[in-house]
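Asker:
4 protein chains.
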Amino acid sequence: MKWRTAISEVEHGKESIRGYELTSLMAKKSFSDVVFLVLRGTLPSAAEARMMDALLVACIDHGIGVASAVVSRLTASTGNSLHTALASGILAFGKLHGGAAQDAAEFFSSQKDTADIDVLIGSLKEKKIRVPGYGHKVLLEDSRVTALCAKARELGFFGTYCEFALMVEKSLNAVSSKKLPLNIDGALAAVLLDMGFDPIQARGVFLIGRVPGLIAHIHEEMTQGPGLRRLREDEYEYTGGKNKKI
Amino acid sequence: MKWRTAISEVEHGKESIRGYELTSLMAKKSFSDVVFLVLRGTLPSAAEARMMDALLVACIDHGIGVASAVVSRLTASTGNSLHTALASGILAFGKLHGGAAQDAAEFFSSQKDTADIDVLIGSLKEKKIRVPGYGHKVLLEDSRVTALCAKARELGFFGTYCEFALMVEKSLNAVSSKKLPLNIDGALAAVLLDMGFDPIQARGVFLIGRVPGLIAHIHEEMTQGPGLRRLREDEYEYTGGKNKKI
Amino acid sequence: MKWRTAISEVEHGKESIRGYELTSLMAKKSFSDVVFLVLRGTLPSAAEARMMDALLVACIDHGIGVASAVVSRLTASTGNSLHTALASGILAFGKLHGGAAQDAAEFFSSQKDTADIDVLIGSLKEKKIRVPGYGHKVLLEDSRVTALCAKARELGFFGTYCEFALMVEKSLNAVSSKKLPLNIDGALAAVLLDMGFDPIQARGVFLIGRVPGLIAHIHEEMTQGPGLRRLREDEYEYTGGKNKKI
Amino acid sequence: MKWRTAISEVEHGKESIRGYELTSLMAKKSFSDVVFLVLRGTLPSAAEARMMDALLVACIDHGIGVASAVVSRLTASTGNSLHTALASGILAFGKLHGGAAQDAAEFFSSQKDTADIDVLIGSLKEKKIRVPGYGHKVLLEDSRVTALCAKARELGFFGTYCEFALMVEKSLNAVSSKKLPLNIDGALAAVLLDMGFDPIQARGVFLIGRVPGLIAHIHEEMTQGPGLRRLREDEYEYTGGKNKKI
Numbered sequence: 001m002k003w004r005t006a007i008s009e010v011e012h013g014k015e016s017i018r019g020y021e022l023t024s025l026m027a028k029k030s031f032s033d034v035v036f037l038v039l040r041g042t043l044p045s046a047a048e049a050r051m052m053d054a055l056l057v058a059c060i061d062h063g064i065g066v067a068s069a070v071v072s073r074l075t076a077s078t079g080n081s082l083h084t085a086l087a088s089g090i091l092a093f094g095k096l097h098g099g100a101a102q103d104a105a106e107f108f109s110s111q112k113d114t115a116d117i118d119v120l121i122g123s124l125k126e127k128k129i130r131v132p133g134y135g136h137k138v139l140l141e142d143s144r145v146t147a148l149c150a151k152a153r154e155l156g157f158f159g160t161y162c163e164f165a166l167m168v169e170k171s172l173n174a175v176s177s178k179k180l181p182l183n184i185d186g187a188l189a190a191v192l193l194d195m196g197f198d199p200i201q202a203r204g205v206f207l208i209g210r211v212p213g214l215i216a217h218i219h220e221e222m223t224q225g226p227g228l229r230r231l232r233e234d235e236y237e238y239t240g241g242k243n244k245k246i
Numbered sequence: 247m248k249w250r251t252a253i254s255e256v257e258h259g260k261e262s263i264r265g266y267e268l269t270s271l272m273a274k275k276s277f278s279d280v281v282f283l284v285l286r287g288t289l290p291s292a293a294e295a296r297m298m299d300a301l302l303v304a305c306i307d308h309g310i311g312v313a314s315a316v317v318s319r320l321t322a323s324t325g326n327s328l329h330t331a332l333a334s335g336i337l338a339f340g341k342l343h344g345g346a347a348q349d350a351a352e353f354f355s356s357q358k359d360t361a362d363i364d365v366l367i368g369s370l371k372e373k374k375i376r377v378p379g380y381g382h383k384v385l386l387e388d389s390r391v392t393a394l395c396a397k398a399r400e401l402g403f404f405g406t407y408c409e410f411a412l413m414v415e416k417s418l419n420a421v422s423s424k425k426l427p428l429n430i431d432g433a434l435a436a437v438l439l440d441m442g443f444d445p446i447q448a449r450g451v452f453l454i455g456r457v458p459g460l461i462a463h464i465h466e467e468m469t470q471g472p473g474l475r476r477l478r479e480d481e482y483e484y485t486g487g488k489n490k491k492i
Numbered sequence: 493m494k495w496r497t498a499i500s501e502v503e504h505g506k507e508s509i510r511g512y513e514l515t516s517l518m519a520k521k522s523f524s525d526v527v528f529l530v531l532r533g534t535l536p537s538a539a540e541a542r543m544m545d546a547l548l549v550a551c552i553d554h555g556i557g558v559a560s561a562v563v564s565r566l567t568a569s570t571g572n573s574l575h576t577a578l579a580s581g582i583l584a585f586g587k588l589h590g591g592a593a594q595d596a597a598e599f600f601s602s603q604k605d606t607a608d609i610d611v612l613i614g615s616l617k618e619k620k621i622r623v624p625g626y627g628h629k630v631l632l633e634d635s636r637v638t639a640l641c642a643k644a645r646e647l648g649f650f651g652t653y654c655e656f657a658l659m660v661e662k663s664l665n666a667v668s669s670k671k672l673p674l675n676i677d678g679a680l681a682a683v684l685l686d687m688g689f690d691p692i693q694a695r696g697v698f699l700i701g702r703v704p705g706l707i708a709h710i711h712e713e714m715t716q717g718p719g720l721r722r723l724r725e726d727e728y729e730y731t732g733g734k735n736k737k738i
Numbered sequence: 739m740k741w742r743t744a745i746s747e748v749e750h751g752k753e754s755i756r757g758y759e760l761t762s763l764m765a766k767k768s769f770s771d772v773v774f775l776v777l778r779g780t781l782p783s784a785a786e787a788r789m790m791d792a793l794l795v796a797c798i799d800h801g802i803g804v805a806s807a808v809v810s811r812l813t814a815s816t817g818n819s820l821h822t823a824l825a826s827g828i829l830a831f832g833k834l835h836g837g838a839a840q841d842a843a844e845f846f847s848s849q850k851d852t853a854d855i856d857v858l859i860g861s862l863k864e865k866k867i868r869v870p871g872y873g874h875k876v877l878l879e880d881s882r883v884t885a886l887c888a889k890a891r892e893l894g895f896f897g898t899y900c901e902f903a904l905m906v907e908k909s910l911n912a913v914s915s916k917k918l919p920l921n922i923d924g925a926l927a928a929v930l931l932d933m934g935f936d937p938i939q940a941r942g943v944f945l946i947g948r949v950p951g952l953i954a955h956i957h958e959e960m961t962q963g964p965g966l967r968r969l970r971e972d973e974y975e976y977t978g979g980k981n982k983k984i
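Residue numbers (the numbering used here), protein chains in the order written: chain Z, 1 to 246; chain G, 247 to 492; chain P, 493 to 738; chain D, 739 to 984.
Here it is, written out as structure tokens:
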């Protein structure tokens with residue numbers, strides 16, 4: 001069975017991306033334009049292009065403390081090359097860190113037409129199912145979310161998914177004891193759905209946006225880091241037994 | 247020992263990237279502007295911004311046949327999530343595929359001030375050391391290279407590294423029996439060095455540029471692929487023994 | 493918050509594994525004994541030790557055609573080091589390849605006490621939920637399964653989980669149009685549950701068993717492979733458009 | 739071009755490993771016997787089998803503080819599956835952590851027949867080239883090394899490579915201001931070369947030995963960990979600027 005793709009081809013040394021000559025894209029289009037093209041198959045409108053820029057910039061980095069940054073830098077510290085350290089950092093984007101954009105998009109997609117949001121949220125709370133895209137381990141309010149929603153309104157992408165996301169936020173906070181604001185994963189998901197992306201692509205946009213930040217961290221570690229890292233003795237505790245006989 | 251970074255911070259829910267407010271970058275800057283910022287620490291000039299776009303677009307995808315695309319898609323076909331498939335594809339960017347941008351940049355950096363290029367190339371040929379950044383497994387001429395060099399000239403980034411890269415090309419082809427044109431890795435390396443990036447960052451720019459292409463391949467595999475892939479029986483041969491007794 | 497572990501420690505240059513002196517384990521115990529120890533916290537009985545050997549050996553390799561072997565070798569072919577190629581191959585063990593051992597173990601764990609297996613299987617068939625641990629893309633009968641079940645009976649580990657797995661097989665094949673034999677993932681899961689392992693550990697045992705096979709493939713590729721691999725032109729097809737104007 | 743392998747095949751549901759029936763290996767051989775077989779192509783002698791067990795057990799784990807364990811656990815803490823966390827941990831085995839077994843073996847292989855070791859070591863010291871396989875970030879004496887050397891002598895594998903490794907140790911410590919004992923990577927390398935393994939396989943044996951330890955750490959993190967991990971605010975410092983204007 002042949003492999004099939006509609007993404008790109010190379011013929012006699014001439015590359016096409018989604019049917020467009022690569023050299024012509026290089027001459028006339030921005031990177032985020034071509035990111036949109038390669039994911040969606042069409043070039044973005046001016047509004048789509050500006051929204052993509054805001055979405056990708058929103059994801060670019062979020063401090064050295066997050067698992068993906070720490071993992072990338074630890075892997076770099078053991079003497080690995082850039083692509084190896086980058087891959088390890090990307091692996092740290094599990095369901096609880098980065099991955100929630102896809103989960104939130106899947107939740108919004110499947111539930112948007114629900115008749116009564118309060119009943120839905122109540123039933124999820126009862127089953128102790130966490131709604132993805134709300135709450136943050138550290139942040140109580142996320143300025144990125146406010147900025148994304150403002151930009152989406154300005155550019156005409158604050159549609160039914162964004163509306164739904166805010167209604168869920170309201171309903172959630174009516175029944176939750178702790179504050180559960182729409183977080184960056186949820187906002188990203190809602191805006192991207194309103195732009196016509198699907199949930200897997202929502203996760204993809206997050207990853208495209210964050211890769212430059214991880215690369216900056218790895219570069220900093222490689223050029224200014226202290227060499228091989230490991231936990232200090234006072235950072236861990238051994239709770240197993242001792243001196244067992246065989 | 248504390249971890250230290252100058253890349254980004256989050257304070258009271260307000261993110262800074264290299265000292266700039268993230269929300270202000272979201273409002274006013276393009277993605278490639280902020281890619282430049284996060285890697286270099288300063289915002290790009292207009293010329294730097296346009297050069298970055300051309301460089302990143304040049305890398306975005308190169309057909310389904312390359313190892314990174316095949317690896318990503320195989321990993322996706324076994325039922326993995328997007329970030330896992332992406333990381334596996336990134337791991338396929340070894341020295342012979344993608345990694346050469348860094349090697350070429352290191353070669354250009356360390357040899358640029360050599361007095362006699364022909365002597366240098368002759369001596370490498372004698373020691374059978376391959377010069378990174380020249381030649382391609384499939385392409386004899388790469389339109390991306392022509393386009394990048396043209397853009398670099400137009401924007402004022404065709405400097406001493408680019409000149410050196412072309413002199414090496416001339417010298418190489420004078421002694422090589424097969425054609426060894428400057429390839430995309432070499433062109434990327436030369437232009438990025440002339441812009442002030444270092445060799446590790448050159449590899450980083452390639453990876454940032456290619457990640458969207460890989461994500462498009464994984465998305466296509468997940469949504470339109472045939473399910474679990476494996477080699478057909480006629481695609482491999484077993485050359486080991488049979489029926490050995492224990 | 494401190495990291496905590498009961499697995500191992502190093503104190504004044506003396507290592508303990510689950511409380512046992514490492515050097516004493518090196519002197520007296522086999523590798524699979526210590527694999528059991530590090531996973532379970534106790535040394536195996538003679539029967540457990542022999543069962544572990546059979547389980548790990550069963551997983552060691554399964555031809556060059558599977559996704560994990562192909563991915564490892566592709567990554568090695570681009571000029572990567574062994575650990576990078578190994579990690580990429582491990583990433584290919586998704587839900588449809590290797591990962592099913594954990595899914596099967598979770599299914600057996602959660603359903604073992606079901607009152608009527610035929611009702612359960614009928615209801616899953618109706619909802620089009622695939623039962624993990626049954627069927628194989630290529631094999632109609634798997635000699636590894638027969639051998640594992642025989643060994644488990646001989647050593648006293650053919651318990652209630654194994655019985656349940658066979659009852660499910662019978663029930664499945666009564667309603668399925670294609671043959672769905674208990675496969676290696678299912679057999680591994682059932683025997684390991686009967687030995688007292690949990691579902692995550694079942695997947696772990698598969699991975700421990702298969703890593704040597706992947707390393708043999710990577711070594712073969714590095715020492716005897718053809719260099720950089722890519723798809724031939726007749727192995728793929730481009731289905732996208734051409735010559736679109738910007 | 740066909741893929742070719744001498745490692746394993748599956749024919750009509752019957753697996754062969756290096757020509758031996760897999761089910762027969764499952765019935766009669768230990769895991770480390772078959773690890774030896776899959777790497778080397780022949781079954782081990784009794785002495786080789788016992789040496790393999792000691793080598794693999796020596797590598798099985800080395801505390802929670804090393805980069806590979808921390809990386810694996812961080813990746814698990816973000817909600818990933820076992821194989822993803824395992825791959826990330828394996829990526830942390832760079833040149834300075836785990837990878838040195840291969841470097842040491844390459845050094846021993848290429849230098850063993852050197853006429854004057856003191857001259858060699860003096861010249862490397864002058865060029866500030868670190869000799870791989872000596873010294874340890876934490877340990878001054880490594881009981882695993884003593885135990886491996888003792889086992890190798892007992893079983894007849896303390897050959898010319900082991901002798902060479904000890905002569906290098908003597909020579910190194912005559913000129914070094916800090917103690918540089920033969921470390922586990924160096925001891926592993928020397929014994930494996932004396933058994934007939936090559937440098938890539940030496941790294942492979944280390945990885946095979948350590949994978950069960952990593953899996954135990956990931957399992958512990960998944961079942962007893964605190965959930966999503968990140969650095970505390972007092973564990974890092976932001977050294978970049980603030981409030982820059984665009």
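C-beta atoms are modelled at their ideal positions from N, C-alpha and C, and glycine is treated no differently.
Ends of the beta strand (DSSP E) at Thr884(D)?
Answerer: Where Thr884(D) is concerned, there is no enclosing beta strand (DSSP E), although the alpha helix (DSSP H) it sits in stretches over 881–893.
Asker: Can you tell me the Cβ-Cβ gap for Ser318(G) and Met298(G), rounded? I've got them flagged as a contact below 8 Å.
Answerer: Ser318(G) to Met298(G), Cβ: 25 Å. No contact.
Asker: Tell me the DSSP secondary structure of Leu231(Z) in three-state form.
Answerer: Leu231(Z): coil per DSSP, three-state reduction.
Asker: Comparing the C-beta of Lys734(P) with each C-beta of chain Z, is any distance below 9 Å?
Answerer: Yes - at least one Cβ of chain Z is within 9 Å of the one on Lys734(P).
Asker: How many Å lie between Ala744(D) and Ala787(D) at the Cα?
Answerer: Those two C-alpha atoms are separated by around 22 Å.
Asker: By DSSP, does Val869(D) sit in helix, in strand, or in coil?
Answerer: In this structure, Val869(D) counts as coil in the three-state DSSP scheme.
Asker: Is it right to say Ala103(Z) is buried, meaning 16 or more other beta carbons lie within 10 angstroms of its own, or is it exposed?
Answerer: Checking the sequence shown, residue 103(Z) turns out to be Asp, not Ala. Buried is the call here.
Asker: May I have the straight-line CA-CA distance separating Leu739(P) from Val776(D), to the nearest angstrom?
Answerer: Since the displayed chain P opens at 493 and closes at 738, residue 739(P) lies outside it and no answer follows.
Asker: Excluding five sequence neighbours on each side, which residues of the same chain lie with their C-beta closer than 6 Å to the C-beta of Glu169(Z)?
Answerer: Taken in chain order, the residues that qualify are Leu182.
Asker: Give me the subset of the segment 73–93 of chain Z whose CB atoms are less than 8 Å from a CB atom of chain G, sorted by chain position.
Answerer: Those residues of the segment 73–93 of chain Z that come within reach of chain G (Cβ to Cβ, closer than 8 Å) are Arg73, Ser81, Leu82, His83, Thr84, Leu86, Ala87, Ser88, Ile90, Leu91, Phe93.
Asker: Taking 9 Å as the threshold (C-beta atoms), are Pro691(P) and Ser601(P) in contact?
Answerer: Yes. Within cutoff.
Asker: What would DSSP say about Ile755(D), mapped onto helix, strand or coil?
Answerer: Of the three classes helix, strand and coil, the one that applies to Ile755(D) here is strand, per DSSP.
Asker: Between the alpha carbons of His329(G) and Ile90(Z), how many angstroms are there, rounded?
Answerer: The alpha-carbon atoms of His329(G) and Ile90(Z) are separated by roughly 6 Å.
Asker: Please compile the residues from chain P whose C-beta is within a distance smaller than 9 Å of the C-beta of Ile246(Z).
Answerer: Within chain P, the residues near Ile246(Z) are Tyr512, Glu513, Ser516, Leu517, Ala519, Lys520, Lys521, Leu535.
Asker: When you compare each of Leu332(G), Lys358(G), Leu477(G) to Glu409(G) by their alpha carbons, which one comes out closest?
Answerer: Of the candidates Leu332(G), Lys358(G), Leu477(G), the one whose C-alpha sits nearest the C-alpha of Glu409(G) is Lys358(G).
Asker: Should Ala300(G) be flagged as near chain Z, meaning a C-beta pair shorter than 9 Å?
Answerer: Answer yes: the Cβ-Cβ gap between Ala300(G) and chain Z drops below 9 Å somewhere.
Asker: What are the boundary residues of the beta strand (DSSP E) that Leu497(P) is part of?
Answerer: According to the sequence as given, residue 497(P) is Thr; it is not Leu. First-last of the beta strand (DSSP E) with Thr497(P): 495–497.
Asker: Show which residues of chain G have a CB atom less than 8 Å away from the CB atom of Leu952(D).
Answerer: Chain G residues near Leu952(D): none, gap ~17 Å exceeds 8 Å.
Asker: Under a Cβ-count criterion, where at least 16 other Cβ atoms within 10 Å of its own Cβ denotes burial, should Lys397(G) be classed as buried or exposed?
Answerer: The residue in question, Lys397(G), is buried, as its Cβ has 16 or more Cβ neighbours within 10 Å.
Asker: Please report the distance separating the alpha-carbon of Leu193(Z) from that of Ala579(P).
Answerer: Taking the straight line joining both Cα atoms gives about 33 Å.
Asker: Could you please give the first and the last residue of the uninterrupted beta strand (DSSP E) stretch that includes Ser8(Z)?
Answerer: Start and end: 8–11.
Asker: Got a sec, what are the start and stop residues for the alpha helix (DSSP H) Ser323(G) sits in?
Answerer: Where Ser323(G) is concerned, the enclosing alpha helix (DSSP H) stretches over 313–323.
Asker: Could you tell me if Thr652(P) is buried or exposed, where buried requires 16 or more neighbouring beta carbons within 10 angstroms of its beta carbon?
Answerer: Answer is exposed; the Cβ neighbour count stays below 16.
Asker: Of the choices Leu535(P), Ile700(P), Thr606(P), Leu566(P), whose alpha-carbon is the least far from that of Ala593(P)?
Answerer: The residue with the shortest Cα to Cα distance from Ala593(P) is Ile700(P).
Asker: What is the rounded straight-line gap between the Cα of Ile922(D) and the Cα of Met714(P)?
Answerer: Their backbone Cα atoms lie some 25 Å apart in a straight line.
Asker: Could you tell me the boundaries of the alpha helix (DSSP H) in which Lys980(D) lies?
Answerer: Run containing Lys980(D): none; DSSP gives neither H nor E here.
Asker: Given this structure, state the Cα-to-Cα distance separating Asn735(P) from Asp726(P), to the nearest angstrom.
Answerer: Taking the straight line from one Cα to the other gives about 22 Å.
Asker: Could you give the DSSP three-state label for Leu428(G): helix, strand or coil?
Answerer: The answer is strand: DSSP assigns Leu428(G) an E or B state.
Asker: I'd like to know if Ile222(Z) contacts chain G, where contact means its C-beta is closer than 9 Å to some C-beta of that chain.
Answerer: The amino acid at residue 222(Z) is misidentified as Ile; the sequence shows Met. Chain G, which has a Cβ nearer than 9 Å to the Cβ of Met222(Z), makes this yes.
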